[in-house]
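Here is the structure we will look at, set down as structure tokens.
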Amino acid sequence: MDVHQKSVCSDLSGKSSKAKNQKQDSQSQPSLYLKNAVFFGLFFSVVYFLLQQWREKIRTSTPLHVLTISEMAAVVSLIASFIYLMVFFGIGFILHPFSVLEEEDDEAVIEKYSDSCLAGVSPKLPPLAPKILVEKVAPAPVLLSMEDEEVVRAVVSGSIPSYSLESKLGDCKRAAAIRNKAVERVTGRSLEGLPMEGFDYDSILGQCCEMPIGFVQIPVGVAGPLLLDEMEYTVPMATTEGCLVASTNRGCKAIYVSGGASAIVLRDGMTRAPVVRFNSAKRASQLKFFLEDPQNFDSLSHTFNKSSRFARLQSIKANMAGKNLYIRFTCSTGDAMGMNMVSKGVQNVLDFLQIDYPDMDVIGISGKYDIT
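Going left to right, the sequence shown walks through residues 1 to 372 as the working numbering numbers them.
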């Protein structure tokens, strides 16, 4: 309906207003040029005159506020020309009263011609489609049986550890529901807004998230295509950060337009470098030779790899600084970043070395020797 109204109004008023505007512009241009020249010349002439007069007053010690008739006329001319120039250049606070009047005139014209515009519109227009209101469905509340209530009380009291619910109950979803209620009672805060239904809790057992109490929904955007090694990849990104997917998509487009990118893996490994101290530099050198001896690598690797199913020791390098020995362990970690599994493997090796080197003092698990 709005589309028909706009088209009819524009047809009625377009031709006449266009002709009037062209006629008015042709008549007003010469007078506008003359008016601008007069006020520009008046402004700079008056400024020059007043500066000369005030300079003479300062020289003769005459008060500046004492004005002659010619000086008062010059001040009035200065103010008038200044206001005109401000209007000419479109300064907002000068044009505000005029813009309000123009808006009121426009509204009056619209009201005047609205009836004639609507008269040409056919009344038999299709009705607007009704608005569809989507109701937000709240997450279903977590319902527990009497047996589960007893388990919740045991978790709250501490008789059953929260981390052992999956192994004791054998049901990951039930364990998450019980843990959810236990957290509510311990904290005194409701978790009704945290969904529980619709998620496979068995799929994350021993994989990623420990001690779950529910899940959250994160919007997934897509960026790409990314042209990498002559292959196109569409990159899904789950995030709540604004502009992240958009900026990534622009980067993918820039790479694509420039002909694509090539990738190469120089080295794949995670490092951890503990620092140990001995009573003498000689003892530190003995451990250094032991760690870098290829014959001892298998036993050290076996001890290190016990910490994880994915961590695999790749190399060991040691460097001395007086009585201190900096040891860098490098290992592969699979698809994970693996800093935790590397730290556990390093701790296993340090405990193993402590048997043959009881005088070894572990200063820190990280000695800032991870990268050289």
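We put the CB at the ideal spot given by N, CA and C, even for glycine. In this text the structure is predicted, and so the values were computed from the model without any measurement.
Buried versus exposed call for residue i [16 or more other C-beta atoms within 10 Å across all chains shown]
{"i": "C209", "result": "exposed"}
{"i": "R146", "result": "Correcting the residue identity first, residue 146 is Met in this sequence and not Arg. By the 10 Å Cβ count, M146 comes out exposed."}
{"i": "G120", "result": "Low confidence applies here, because G120 scores a pLDDT of 48, under 50, leaving its location unreliable; read the following figure in that light. G120 comes out exposed."}
{"i": "G259", "result": "exposed"}
{"i": "S81", "result": "buried"}
{"i": "A73", "result": "exposed"}
{"i": "A182", "result": "buried"}
{"i": "V378", "result": "Any answer about residue 378 is impossible in this case: the structure gives the chain only from 1 up to 372."}
{"i": "V186", "result": "exposed"}
{"i": "D356", "result": "exposed"}
{"i": "N36", "result": "exposed"}
{"i": "N180", "result": "buried"}
{"i": "A175", "result": "buried"}
{"i": "V394", "result": "Residue 394 cannot be examined here, being either before or after the span of the chain that is shown, 1 to 372."}
{"i": "L34", "result": "exposed"}
{"i": "L353", "result": "buried"}
{"i": "D361", "result": "exposed"}
{"i": "V46", "result": "buried"}
{"i": "V245", "result": "buried"}
{"i": "G92", "result": "Because G92 sits at a pLDDT of 46, beneath the cut-off of 50, its placement in the model cannot be relied upon, and the point is left open."}
{"i": "D106", "result": "Note that D106 has pLDDT 49, beneath the 50 cutoff, so the model's placement of it is unreliable and the number below is only indicative. It is exposed - the Cβ of D106 has fewer than 16 other Cβ atoms within 10 Å."}
{"i": "S114", "result": "With a pLDDT of 49 at S114, under the threshold of 50, the predicted position of this residue should be treated as unreliable, though the coordinate-derived value follows. Exposed, because fewer than 16 other Cβ atoms sit within 10 Å of the Cβ of S114."}
Whether residue i touches residue j by CB criterion (8 Å)
{"i": "A223", "j": "C252", "result": "yes"}
{"i": "I218", "j": "A238", "result": "yes"}
{"i": "D370", "j": "T271", "result": "yes"}
{"i": "N324", "j": "R277", "result": "yes"}
{"i": "I178", "j": "D202", "result": "no"}
{"i": "S315", "j": "T330", "result": "yes"}
{"i": "L51", "j": "S77", "result": "no"}
{"i": "L191", "j": "E197", "result": "no"}
{"i": "V155", "j": "S162", "result": "yes"}
{"i": "F310", "j": "G334", "result": "yes"}
{"i": "A318", "j": "K288", "result": "yes"}
{"i": "P274", "j": "G338", "result": "no"}
{"i": "E166", "j": "L194", "result": "no"}
{"i": "P236", "j": "V220", "result": "yes"}
{"i": "W54", "j": "L64", "result": "yes"}
{"i": "D359", "j": "N279", "result": "yes"}
Cβ separation of residue i and residue j, assumed to be a contact under 8 Å, to the nearest whole Å
{"i": "S343", "j": "I365", "result": "6 Å"}
{"i": "L291", "j": "I327", "result": "6 Å"}
{"i": "L85", "j": "F39", "result": "6 Å"}
{"i": "K173", "j": "I160", "result": "Contact flag wrong, Cβ pair sits at about 17 Å."}
{"i": "S301", "j": "L313", "result": "4 Å"}
{"i": "S285", "j": "M320", "result": "6 Å"}
According to DSSP, residues forming a beta bridge with residue i
{"i": "M237", "result": "G221"}
{"i": "L226", "result": "Y233"}
{"i": "S332", "result": "R312"}
{"i": "G364", "result": "V275"}
{"i": "L325", "result": "V276, M320"}
{"i": "M146", "result": "Partner(s): none; M146 has no beta bridge."}
{"i": "M211", "result": "Answer is none; M211 lacks a bridge partner."}
{"i": "A261", "result": "L228"}
{"i": "M86", "result": "Note: M86 sits in no beta bridge, so no partner."}
{"i": "M270", "result": "C331"}
Report task. State whether the region 253 to 264 contacts the region 226 to 240, with contact taken as three or more CB pairs (one from each stretch) at a distance under 8 Å. Result -> yes
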